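Numbered per the UniProt record's numbering, the sequence shown spans residues 1 to 67. In this text, a Cβ means the ideal position worked out from N, Cα and C, and glycines have one as well. All figures in this text were calculated on a predicted structure; none of them were measured in a lab. Input: a single structure, listed below in structure tokens.
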Amino acid sequence: MVEKKSSPPPLTARGSNASSFGGSGTSARMPGKIPEESEVLIAFEEVLKKMDLPPDKMRVLLCCSQI
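Here it is as structure tokens:
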């Protein structure tokens, strides 16, 4: 007979791990200032170049990212 394993409930910032985030509601992975939109777009373009996508797919993603 196979046992069914139930998955644990998802953790939230207010859940059991709230103390690891300081309970402030902000992510511990985002210290400092929030980057400007232009900085994010430049980083996005760099990631797209590394993905080695066909030109038509790259154009679609670049076009959609600047809406």
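Between which residues of its own chain and residue i is the CB-CB distance below 7 Å, once the five residues before and five after are set aside?
i: residue 44; result: 65
Which two residues bound the contiguous alpha helix (DSSP H) that contains residue i?
i: residue 48; result: 37-50
i: residue 57; result: 55-65
Classify residue i as buried or exposed, calling it buried when 16 or more other Cβ atoms lie within 10 Å of its own Cβ.
i: residue 51; result: exposed
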